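In UniProt numbering, the protein residues as written are 1 to 298.
Working notes, structure below.
In C-alpha cells form, the structure reads like this:
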C-alpha cells in the first residue's frame with residue numbers, strides 16, 4: 001500500500017506518468033499498474049487523464065492529502081527506529097519564513113552539515129502562514145515563523161528576537177534628518193510585503209502602535225525587491241536588520257530614527273504536538289537555539 005501511495009503522489013506532483021516513472025526509476029506500465037491497483041482498492045477513479053495532462057479529481061484530492069500525511073508518518077517512524085541504532089541521519093524537512101530562511105538559515109544548515117553529514121535537509125521557503133500550515137499537515141518536520149503565532153495543536157518555541165528598522169536610500173530627503181516626524185512618515189510611499197508575511201504583520205502592528213497612517217502603499221512579494229526599490233528611491237520600508245546588514249555596511253541603505261523604533265519581534269520554532277522527534281530534528285533545533293548571526297545589532 002505504501003508503494004501504491006508513493007507512486008500516486010509522485011504522479012500527482014509531476015502531472016505526468018512518464019516523468020513520475022523516471023523519478024521513481026520504474027517503467028511507465030509499472031506506474032500505471034500501481035495507479036490502477038490503488039484505484040481498485042479505493043473503489044473509484046482518482047485521476048483525470050488525457051493526452052495533454054493528468055489531474056486529480058475530487059476523490060483524488062482527498063486521497064492525495066491523506067497519502068502525503070501517511071507517507072510522512074511512515075518516513076518519520078522509520079527515522080525514529082533508525083535513530084535508536086545509528087548516528088543521526090536521514091531526511092529532515094525544514095520550512096522557514098523568508099527573512100530567516102533566506103538570510104540566516106543557510107548558515108545554520110551549513111554548520112549542521114559540517115558536523116552531521118548524514119543528515120539530509122530539504123528546505124522550503126514561504127511566508128509564515130504557509131509554513132505553519134505545512135507543519136500542521138506534517139509536510140514539514142519543523143517550521144520557523146515570524147511574529148506572534150498561536151495554535152493549540154502546535155509546539156511553539158520563541159528562540160530569537162529580531163530588530164526591525166525603517167530604511168531609506170542615502171539620497172532620500174529623510175536620510176539627512178537626525179530624527180524624522182510623523183508627518184514625514186505619513187507623506188512617504190511605504191513598500192510592504194504581501195498579506196500572510198511576518199514582515200507585513202510587523203509593519204501593520206507598527207503602524208497601529210505608532211499611529212502612522214501612510215498615504216501611499218506598494219505591496220511587493222520579495223524582500224530583495226523591496227531593498228532594491230528602497231535603494232532606487234521608490235519609497236521607504238520596515239525590514240529586519242538581518243536582511244539589510246550588508247547594504248548598511250556598504251552604505252547603500254540607511255536607517256531612520258523615530259520614537260518607538262526599532263521594532264522588536266520574535267522568531268519561533270513550530271513542531272507538531274505529541275510527535276516523537278528524531279535525533280536529526282533535535283540536533284537542528286539545538287543549533288537554531290544557539291546560533292546568533294554575526295552583526296545582529298544596528
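All residues carry an ideal CB built from backbone N, CA and C; glycine is no exception.
It should be emphasised that the depicted structure is a prediction, and the values quoted were computed from it without experimental measurement.
query: State the Cα-Cα distance for the pair residue 292 and residue 38, rounded to the nearest angstrom.; result: 49 Å
query: If we ignore side chains and look at the alpha-carbon of each, how far apart do residue 77 and residue 57 end up?; result: 30 Å
query: State buried or exposed for residue 107, treating a residue as buried only when at least 16 other CB atoms are found within 10 Å of its CB.; result: exposed
query: Can you tell me whether residue 299 is helix, strand or coil according to DSSP?; result: Lying before the first or after the last residue shown, residue 299 is absent from the chain, which here runs from 1 to 298.
query: In the DSSP assignment, find the unbroken beta strand (DSSP E) run with residue 157 in it and report its ends.; result: 154-168
query: For residue 8, does the three-state DSSP call read helix, strand or coil?; result: helix
query: So, using beta-carbon positions, are residue 70 and residue 96 closer together than 9 Å?; result: no
query: Ordered along the chain, which non-local residues of its own chain (more than five positions away) have a Cβ less than 6 Å from that of residue 55?; result: 48
query: What did DSSP end up calling residue 279 once you bin it into helix, strand or coil?; result: helix
query: With distance defined between alpha-carbon atoms, name the residue in 264, 72, 141 nearest to residue 92.; result: 141
query: Just verifying my parser: in three-state terms, what is the DSSP assignment at residue 246?; result: helix
query: Going by the CB atoms, is the gap between residue 198 and residue 146 shorter than 9 Å?; result: yes
query: So what's residue 273 in DSSP terms, helix, strand or just coil?; result: coil
query: Which one of 67, 226, 258, 276 has the shortest CA to CA distance from residue 180?; result: 258
query: Could you give the residue range of the alpha helix (DSSP H) that holds residue 121?; result: Looking at the DSSP string, residue 121 is not in any alpha helix (DSSP H); the run it does join, the beta strand (DSSP E), is 119-125.
query: Let me check one thing: in DSSP terms, what residues is residue 239 bridge-paired to?; result: 165
query: CB residue 118 to CB residue 90, shorter than 9 Å?; result: yes
query: So residue 191 and residue 229 are in contact, right, with Cβ under 8 Å, and what is the actual spacing, rounded?; result: 6 Å
query: According to DSSP, is residue 75 helix, strand or coil?; result: helix
query: I need the straight-line Cα distance from residue 298 to residue 42, nearest angstrom please.; result: In this prediction, residue 298 scores a pLDDT of 41, lower than 50, which makes its location untrustworthy; no coordinate-derived value is stated.
query: Does any residue of chain D bring its CB to less than 9 Å from the CB of residue 247?; result: Protein chain content of the structure displayed is limited to a single chain, and chain D is not contained in it.
query: When you compare the CB positions of residue 98 and residue 280, do they come within less than 9 Å of one another, or not?; result: no
query: Return the first residue and the last residue of the alpha helix (DSSP H) that residue 94 is part of.; result: That residue, residue 94, is in no alpha helix (DSSP H); its beta strand (DSSP E) goes 90-96.
query: Locate the alpha helix (DSSP H) running through residue 232, then write down its first and last residues.; result: That residue, residue 232, is in no alpha helix (DSSP H); it is neither H nor E in DSSP.
query: Counting along the chain, where does the beta strand (DSSP E) carrying residue 218 start and finish?; result: 216-219
query: Relative to the C-alpha of residue 100, which candidate in 266, 212, 156, 186 has its C-alpha closest?; result: 266
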